[in-house]
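Undergrad:
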Amino acid sequence: MADAEAELPPVPVEADEAAPAPAEADADGEVQPPNPNGINLRAPSKYLKDPANASTTTGEPFDSPSLDWLWRTWAVTHSTLSMWRSARNVRITYKPYKPEVQPVANDNLVEYEKKSGKVKAVRGIEKPHPKIPAAWNWRGRGLLAVASSHWEILGWGERPLPEDADDDVERWAVTWFAPTLFTQEGVDIYSDRPEGLSAETVDAILTALKDLKDAPKLVALVEKSMQEVEISLPWKEKGQKSQPPASSNTE
753 MADAEAELPP
763 VPVEADEAAP
773 APAEADADGE
783 VQPPNPNGIN
793 LRAPSKYLKD
803 PANASTTTGE
813 PFDSPSLDWL
823 WRTWAVTHST
833 LSMWRSARNV
843 RITYKPYKPE
853 VQPVANDNLV
863 EYEKKSGKVK
873 AVRGIEKPHP
883 KIPAAWNWRG
893 RGLLAVASSH
903 WEILGWGERP
913 LPEDADDDVE
923 RWAVTWFAPT
933 LFTQEGVDIY
943 SDRPEGLSAE
953 TVDAILTALK
963 DLKDAPKLVA
973 LVEKSMQEVE
983 ISLPWKEKGQ
993 KSQPPASSNT
1003 E
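Take a look at the structure:
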């Protein structure tokens, strides 16, 4: 997104922000995703009277993921954002930024490959919203320091994979980004696996998105504009010479 500053939704970044409340942990201190076999989504805060106490599509309260759960590299597998139609292997890496400073902010790195093979990158810092759980205000770094945006996690979790899969579970997340003068609001679907999510998980997420009764405009956007984001493995790193893709998603 280095050449797409206009795509970033500007909102004020507020100071003295409180970290989002994490989901409950088990006896060993491990955060447990809500309803591991199901998909629970909340509507974006702009559609809710009380965003701090949102319920989900299954009627259960919304729980925020822990930052440790969020801090990893995610592949964007589906999006309503039109700029990803000309890109592939879009991934976002979250890690702590100055963890000694509370509340902890995220270091945010977005990387993607142009169809030409060139790798682009956008770096930013994001602070947790003071009143909305699992929501952040992002501001760019370097030349993008004047750009800012707001995004929220609508749902997250882990689902078991078949016994013959390389991993035991797949982690997923659904994020929403606020509208700007240049772009309308939008939704991304994340996978912690470079190859993307299973078809069953994608179908379940899309079904839940279309069940967001508090956000009919968002449902219409998903039905009209949600598309796959091309995945061609292996990922190309910045500065690496172009190579033929080894595989691609077929969902």
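Numbering-wise (my numbering), the sequence shown opens with residue 753 and increments by one.
The C-beta atom is built at its ideal place from N, Cα and C for all residues, glycine as well.
#1: Does DSSP put A773 in a helix, a strand or coil?
#2: Exposed or buried, what is S831 when buried is set at 16 or more other beta-carbons lying within 10 Å of its beta-carbon?
#3: Using 8 Å as the threshold, is the C-beta distance between I884 and A967 below it?
#4: What residues in its chain sit with their C-beta under 6 Å from that of L973, if we drop five residues either side in the sequence?
#5: Report the rounded CA-to-CA distance for W890 versus A857, giving the unit in angstroms.
#6: Look at the alpha carbon of V926 and the alpha carbon of S950, and state the distance between them as a whole number of angstroms.
#7: Looking only at C-alpha atoms, which of R875, S834, V842 sits nearest to R893?
#8: Taking the continuous beta strand (DSSP E) assigned at D859, which residues delimit it?
#9: Cβ atoms of G869 and K988: under 8 Å apart, would you say?
#10: Can you tell me which of I905, D944, F929, I877 puts its alpha carbon nearest to the alpha carbon of L913?
#11: On the three-state DSSP scale, how would you describe K798?
#12: What does the Cβ neighbour count give for R824, buried or exposed, with the cut at 16 atoms within 10 Å?
#13: Please say whether E865 and R840 have beta carbons closer to each other than 8 Å?
#14: Suppose the cutoff is 6 Å on Cβ atoms and the five residues either side in sequence are ignored; what does the same chain contact list for I844 look like?
#15: Quick one: residues in its chain with C-beta nearer than 8 Å to the C-beta of E922, no 5 flanking neighbours on either side, listed in chain order?
#16: Excluding five sequence neighbours on each side, which residues of the same chain lie with their C-beta closer than 8 Å to the C-beta of D920?
#17: Would DSSP call N805 helix, strand or coil?
#18: If we ignore side chains and look at the alpha-carbon of each, how far apart do L985 and K801 end up?
#19: Comparing C-alpha positions only, which one of A897, R794, T935, H902 sits nearest to P882?
TA: Working from what's here:
#1: Position 21 of the sequence shown, counted from the start, is the residue given in the question as residue 773. Because the pLDDT at A773 is just 44, under 50, the model does not fix this residue reliably, and the point stays unresolved.
#2: One-based indexing of the sequence shown puts residue 831 at position 79. The residue in question, S831, is buried, as its Cβ has 16 or more Cβ neighbours within 10 Å.
#3: Your numbering for residue 884 matches position 132 in the sequence shown. Your numbering for residue 967 matches position 215 in the sequence shown. Contact flag unset, no.
#4: Residue mapping note: residue 973 aligns to position 221 of the sequence shown, counting from 1. Excluding residues within five positions, the ones whose Cβ falls inside 6 Å are T832.
#5: Looking up residue 890 in the sequence shown gives position 138. Looking up residue 857 in the sequence shown gives position 105. Each residue's Cα considered, the two are about 10 Å apart.
#6: Counting from one through the sequence shown, the residue named residue 926 turns up at place 174. Counting from one through the sequence shown, the residue named residue 950 turns up at place 198. Those two C-alpha atoms are separated by around 15 Å.
#7: Here residue 893 is taken as the residue at index 141 of the sequence shown, counted from 1. With distances taken between Cα atoms, R893 lies closest to R875.
#8: Looking up residue 859 in the sequence shown gives position 107. That run of the beta strand (DSSP E) goes 857-866.
#9: If you number the sequence shown from 1, residue 988 lands on position 236. If you number the sequence shown from 1, residue 869 lands on position 117. Yes, they are a contact pair.
#10: In the sequence shown, residue 913 corresponds to position 161, counting from 1. It is D944.
#11: Start at 1 with the first residue of the sequence shown, and residue 798 comes out as number 46. Helix.
#12: Counted from its first residue, the sequence shown places residue 824 at position 72. Under this definition R824 is an exposed residue.
#13: In the sequence shown, residue 840 corresponds to position 88, counting from 1. In the sequence shown, residue 865 corresponds to position 113, counting from 1. Yes, the pair counts as a contact, with Cβ atoms nearer than the cut-off.
#14: Sequence index remark: in the sequence shown, residue 844 carries index 92 (1-based). Same-chain partners within the cutoff: W826, V862.
#15: As a working note, residue 922 is residue 170 in the sequence shown. Spatial neighbours of E922 in its own chain (CB-CB distance under 8 Å, excluding positions within 5 residues in sequence) are listed in chain order as E910, R911, L913, S943, D944, R945, L949, S950, T953.
#16: Counting from one through the sequence shown, the residue named residue 920 turns up at place 168. Cβ within range, chain order: P912, L913.
#17: Along the sequence shown, one-based indexing puts residue 805 at 53. Helix.
#18: For the purposes of this step, residue 985 is taken as residue 233 along the sequence shown, with counting starting at 1. For the purposes of this step, residue 801 is taken as residue 49 along the sequence shown, with counting starting at 1. For L985 and K801, the distance between alpha carbons rounds to 43 Å.
#19: Looking up residue 882 in the sequence shown gives position 130. Among A897, R794, T935, H902, the Cα nearest to that of P882 is on H902.
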